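Visitor: If you want the working numbering, it's the 1-based position in the first sequence plus 10.
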Amino acid sequence: MSEKVIVRFPPSPTGNLHIGTARTLLFNYLFAKKHGGKIVFRSEDTDRERSKKEFEDNIVEGLEWLGINYDEFTRQSERGEIYKKYLQKMLDDGTAYLSQESILKDVENNNREEVIRFKNPNKMVKFDDVVRGEIEFDTTELHDFVIAKSLEEPLYHFAVVVDDYEMGVTHILRGEDHISNTPRQILIQEAIGASRPVYAHIPLILGQDRSKLSKRHGATAVSEYRNKGYLPEAMVNYLALLGWNPGTEKEIFTMEELIQEFDLGKIQKGGAIFDEKKLQWVNKEHIKLLPPDKQRELLLESIKDESYMVGEPVLDVEQIAWKKSTKEEARMHLEKVREMVSKGTFDIGEVVMKYAETVGKGNVLWPMRYALSGATASPDPITLLEILGKEKSLKRLENAIIVLNEAQVSS
RNA sequence: GGCCCUAUCGUCUAUCGGUUAGGACACAUCCUUUUCAAGGAUGGAAGCGGAGUUCGACUCUCCGUAGGGUCACCA
């Protein structure tokens with residue numbers, strides 16, 4: 011590679027970090043890392059009304075959580091002088107002009123009587139997209155579009171082109187929804203004498219109805235998935251697989267492996283539906299990769315709000331016995347377990363298992379687990395024993411025996 | 001509606017002219033008695049339609065059709 015790769019992270023702080031944005035930035039990250047390039051984070055906050063610090067924070071924190079890092083941080087709101095310089099130059103060159111708007115001044119919507127418009131050369135613009143091949147546009151339909159509200163207030167298309175040029179951005183990997191923005195940005199590039207970066211428009215992440223993923227499809231913010239307890243490694247892994255794959259049957263990757271395997275040429279053309287079921291599976295696979303103590307930490311964290319952790323379990327007598335096993339047998343096994351637990355040896359787990367193996371694991375373990383948790387899904391009984399401690403465990407085992415006895419009497 | 005993009009199992013995808021069209025998720029059935037939202041096995045499940053090009057098309061071309069994106073003094 012003769013030229014150093016430079017990519018940008020250009021989120022707009024008008025909302026929380028969207029998983030679609032995260033995926034796009036991830037691709038930029040993987041590509042840059044793979045080629046030893048540089049990444050510039052550029053907060054696109056030229057819209058003063060909609061941009062909020064809290065959103066910028068959410069985006070920054072989300073990326074940090076995911077492990078998607080960058081080398082430089084900047085905000086468009088802090089680059090006013092640069093835009094002003096280019097705007098003035100375009101005005102001088104005649105590639106842009108002050109336009110007296112004939113429409114009435116609309117103060118409410120911040121519309122002006124005078125704006126800066128781009129002098130559209132009205133031509134065909136052709137560009138090569140790494141993902142889609144050649145794309146051609148007739149820019150006549152764009153007319154003389156507005157590039158700034160004033161010398162001090164540049165608009166998106168203009169600011170983006172100036173920044174990409176000034177920062178030496180070599181590759182622009184962005185969402186497919188930007189394809190139609192590309193021609194006008196190329197026009198501005200040509201007007202200011204900027205070189206053209208390589209474009210790669212990646213497919214969108216879709217909701218169940220195949221339309222662009224948005225709030226109405228459910229959770230779209232990375233922070234929401236973080237709160238749901240997903241591992242950042244799993245999130246990165248799954249996102250990478252949406253719209254890209256290495257061409258092999260490997261599906262579980264670490265960030266390092268993704269960097270190693272990433273290839274722009276293998277990016278998909280069509281949009282991909284976000285499937286949380288598959289995310290869950292990827293998450294599970296990543297949990298398996300974690301060291302035992304980390305897994306245990308995760309387990310404790312995940313069950314800390316369960317009913318059996320915050321209060322005493324309420325038992326349904328019909329659920330205590332395992333399958334064909336009877337209530338009488340369940341009571342007998344529970345009494346046996348209670349006896350073993352009360353002795354409180356350090357290897358209580360092994361002792362219980364040994365007993366369970368002789369009389370049928372399920373016959374002992376199901377009633378035991380149910381007695382301890384009162385839930386149809388919970389960690390295994392031995393683990394519960396450890397988590398709850400001797401006192402609590404004995405109390406719950408005792409309670410289950412009482413419940414069984416009462417049922418016996420009344421029937 | 002104009003312009004642009006896309007099109008293989010329900011979903012994510014492999015295939016880069018010749019395959020019994022492969023894998024994963026999900027689903028179903030069975031096994032597994034540390035239940036399950038664990039583990040194992042098995043199974044059903046796909047090339048949008050029509051023309052071409054070719055000895056041969058999922059793969060290349062064109063036309064349809066369908067879906068999506070975009071049309072701001074937002075980004």
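Where a beta carbon is used, it is the ideal one built from N, C-alpha and C, also for glycine.
The model shown is predicted, which means the values in this text are computed figures rather than measured ones.
Please state whether DSSP places Y422 in a helix, a strand or coil.
Guide: The structure shown does not extend to residue 422, since the chain is modelled only from 11 to 421, so the question has no answer here.
Visitor: Could you tell me whether the segment 380-390 touches the segment 399-416, where touching means 3 or more Cβ pairs closer than 8 Å?
Guide: yes
Visitor: Are the segment 271-283 and the segment 210-228 in contact at 8 Å, needing three or more beta carbon pairs?
Guide: Enough Cβ pairs lie closer than 8 Å, so yes.
Visitor: Under 6 Å Cβ to Cβ from N247, same chain only, skipping five residues before and after it: list those, please.
Guide: Along the first sequence, one-based indexing puts residue 247 at 237. Around N247: F263, V292.
Visitor: Closest by CA to R60, which one among T24, N79, E71?
Guide: Within the first sequence, residue 60 is the residue found at index 50, counting from 1. Comparing Cα-Cα distances from R60 to each of T24, N79, E71, the minimum goes to T24.
Visitor: Using the Cα positions of R220 and I283, report the straight-line distance between them to the nearest angstrom.
Guide: Residue mapping note: residue 220 aligns to position 210 of the first sequence, counting from 1. Residue mapping note: residue 283 aligns to position 273 of the first sequence, counting from 1. Computed Cα separation, rounded: 6 Å.
Visitor: Got a sec? Which residues, its chain only, sit under 8 Å from S205 by beta carbon, not counting five neighbours each side?
Guide: Here the question's residue 205 lines up with position 195 in the first sequence. Only Y175, Q199 meet the Cβ criterion.
Visitor: Assuming the contact rule is C-beta atoms closer than 8 Å, K346 and Y365 should be a hit. Round their C-beta distance to whole Å, please.
Guide: The residue you call residue 346 lines up with position 336 of the first sequence. The residue you call residue 365 lines up with position 355 of the first sequence. With 8 Å as the limit, K346 and Y365 qualify as a contact, their Cβ atoms being about 6 Å apart.
Visitor: Would you call F83 buried or exposed, if buried means 16 or more other Cβ atoms sit within 10 Å of its Cβ?
Guide: Taking the first residue of the first sequence as position 1, residue 83 is located at position 73. Exposed is the call here.
Visitor: Return yes when at least one heavy atom of the ligand SAH lies under 6 Å from the C-beta of V362, else no.
Guide: The model on display carries no ligand, and the ligand SAH is accordingly not part of it.
Visitor: Identify, in the order they occur along the chain, each residue of the same chain with its Cβ nearer than 6 Å to the Cβ of L241, setting aside the five sequence neighbours on each side.
Guide: Residue mapping note: residue 241 aligns to position 231 of the first sequence, counting from 1. Same-chain partners within the cutoff: N293, H296.
Visitor: Assign M134 to one of three DSSP states: helix, strand, or coil.
Guide: On the first sequence, residue 134 is found 124 positions in, with the first residue counted as 1. Of the three classes helix, strand and coil, the one that applies to M134 here is strand, per DSSP.
Visitor: Roughly how many whole angstroms lie between the Cα atoms of L344 and A32?
Guide: One-based indexing of the first sequence puts residue 344 at position 334. One-based indexing of the first sequence puts residue 32 at position 22. Approximately 51 Å between the Cα atoms of the pair.
Visitor: Got a sec, what are the start and stop residues for the beta strand (DSSP E) Q110 sits in?
Guide: Residue mapping note: residue 110 aligns to position 100 of the first sequence, counting from 1. DSSP places Q110 inside the beta strand (DSSP E), whose first and last residues are 106-110.
Visitor: In or out: M11 buried (at least 16 other Cβ within 10 Å) or exposed?
Guide: Looking up residue 11 in the first sequence gives position 1. With a pLDDT of only 45 at M11, under the threshold of 50, the placement of this residue in the model should not be trusted; the figure read from the coordinates follows. Looking at its Cβ environment, which holds fewer than 16 other Cβ atoms inside 10 Å, M11 is exposed.
Visitor: Excluding five sequence neighbours on each side, which residues of the same chain lie with their C-beta closer than 7 Å to the C-beta of D390?
Guide: Here residue 390 refers to the residue found at position 380 of the first sequence. R379.
Visitor: What's the call for I16, buried or exposed, on a 16-neighbour Cβ count within 10 Å?
Guide: Numbered from its first residue, the first sequence carries residue 16 at position 6. Answer is buried; the Cβ neighbour count reaches 16.
Visitor: Are S233 and N79 close, meaning C-beta to C-beta below 7 Å?
Guide: Taking the first residue of the first sequence as 1, we reach residue 233 at position 223. Taking the first residue of the first sequence as 1, we reach residue 79 at position 69. It is not a contact, given that the beta carbons lie outside the stated cut-off.
Visitor: Nearest-angstrom Cα distance between A231 and L394?
Guide: Along the first sequence, read from residue 1 onward, the residue named residue 231 stands at position 221. Along the first sequence, read from residue 1 onward, the residue named residue 394 stands at position 384. Cα to Cα, the separation comes out at about 34 Å.
Visitor: Please report how far the alpha carbon of A417 lies from the alpha carbon of T386, in whole angstroms.
Guide: Within the first sequence, numbered from 1, the residue matching residue 417 stands at position 407. Within the first sequence, numbered from 1, the residue matching residue 386 stands at position 376. Taken atom to atom, the span from the alpha-carbon of A417 to that of T386 is near 20 Å.
Visitor: Express the C-alpha separation of E261 and G91 in angstroms, rounding to a whole number.
Guide: For the purposes of this step, residue 91 is identified with residue 81 of the first sequence, where counting begins at 1. For the purposes of this step, residue 261 is identified with residue 251 of the first sequence, where counting begins at 1. Residue identity differs from the one stated: residue 91 is Glu in this sequence, not Gly. Taking the straight line joining both Cα atoms gives about 47 Å.
Visitor: Unbroken alpha helix (DSSP H) runs of length 4 or more, entirely within the segment 232-302: which are they?
Guide: 232-237, 242-251, 265-271, 286-299
Visitor: In whole angstroms, give me the CA-to-CA distance for E271 and N38.
Guide: Translated into positions along the first sequence, residue 271 becomes position 261. Translated into positions along the first sequence, residue 38 becomes position 28. Distance between the alpha carbons of E271 and N38: 14 Å.
Visitor: Let me know the alpha helix (DSSP H) ranges lying completely inside the segment 305-384, each 4 residues or longer, listed in chain order.
Guide: Listed in chain order, they are 317-320, 327-330, 337-353, 358-369, 371-383.
Visitor: Restricting to Cα atoms, I'd like to know which of L300, L289, L274 is closest to G257.
Guide: Taking the first residue of the first sequence as position 1, residue 257 is located at position 247. Distance from the Cα of G257 is smallest, within the candidate group L300, L289, L274, for L274.
Visitor: Please report how far the alpha carbon of Y235 lies from the alpha carbon of F19, in whole angstroms.
Guide: As a first step, residue 235 is located in the first sequence; it is residue number 225 there, counting from the start. As a first step, residue 19 is located in the first sequence; it is residue number 9 there, counting from the start. For Y235 and F19, the distance between alpha carbons rounds to 21 Å.
Visitor: What are the partner residues of A158, as DSSP defines its beta bridges?
Guide: Residue mapping note: residue 158 aligns to position 148 of the first sequence, counting from 1. BP columns for A158 point to I126, P164.
Visitor: With a Cβ-Cβ cutoff of 7 Å, do H181 and V208 count as a contact?
Guide: Taking the first sequence and counting its residues from 1, one reaches residue 181 at position 171. Taking the first sequence and counting its residues from 1, one reaches residue 208 at position 198. Yes, they are a contact pair.
Visitor: Return the CA-CA distance between V320 and I313, expressed in angstroms with no decimal places.
Guide: Numbered from 1 along the first sequence, position 310 holds the residue referred to as residue 320. Numbered from 1 along the first sequence, position 303 holds the residue referred to as residue 313. Rounded to whole angstroms, V320 to I313 spans 10 Å at the Cα level.
Visitor: Report the rounded CA-to-CA distance for K159 versus K129, giving the unit in angstroms.
Guide: Translated into positions along the first sequence, residue 159 becomes position 149. Translated into positions along the first sequence, residue 129 becomes position 119. Straight-line Cα distance between these residues: approximately 15 Å.
Visitor: Between the Cα of I358 and the Cα atoms of I397, E339, A340, L325, which residue gives the shortest distance?
Guide: As a working mapping, residue 358 is identified with position 348 in the first sequence. Nearest option by C-alpha distance: I397.
Visitor: Less than 7 Å separating the beta-carbons of K48 and D81?
Guide: For the purposes of this step, residue 48 is taken as residue 38 along the first sequence, with counting starting at 1. For the purposes of this step, residue 81 is taken as residue 71 along the first sequence, with counting starting at 1. At the C-beta level, K48 and D81 come within 7 Å of one another.
Visitor: When the Cα atoms are used, what is the spatial distance from E151 to P131?
Guide: In the first sequence, counting from the first residue as 1, residue 151 sits at position 141. In the first sequence, counting from the first residue as 1, residue 131 sits at position 121. The alpha-carbon atoms of E151 and P131 are separated by roughly 11 Å.
Visitor: Tell me which residues share the same chain as Q329 and place their Cβ nearer than 8 Å to its Cβ, disregarding the 5 neighbours each side in the sequence.
Guide: Here residue 329 is taken as the residue at index 319 of the first sequence, counted from 1. Around Q329: Y380, T386.
Visitor: Along the chain, where does the alpha helix (DSSP H) that runs through K14 open and close?
Guide: To locate residue 14, count along the first sequence from 1; it is residue 4. Counting along the chain, K14 falls outside any alpha helix (DSSP H), and DSSP gives it neither H nor E.
Visitor: Given L36, which residues of its chain have a CB within under 7 Å of its CB, disregarding the five upstream and five downstream residues?
Guide: Locating residue 36 in the first sequence gives position 26, where the first residue counts as 1. Contacts found: I78, V246, L249, A250.
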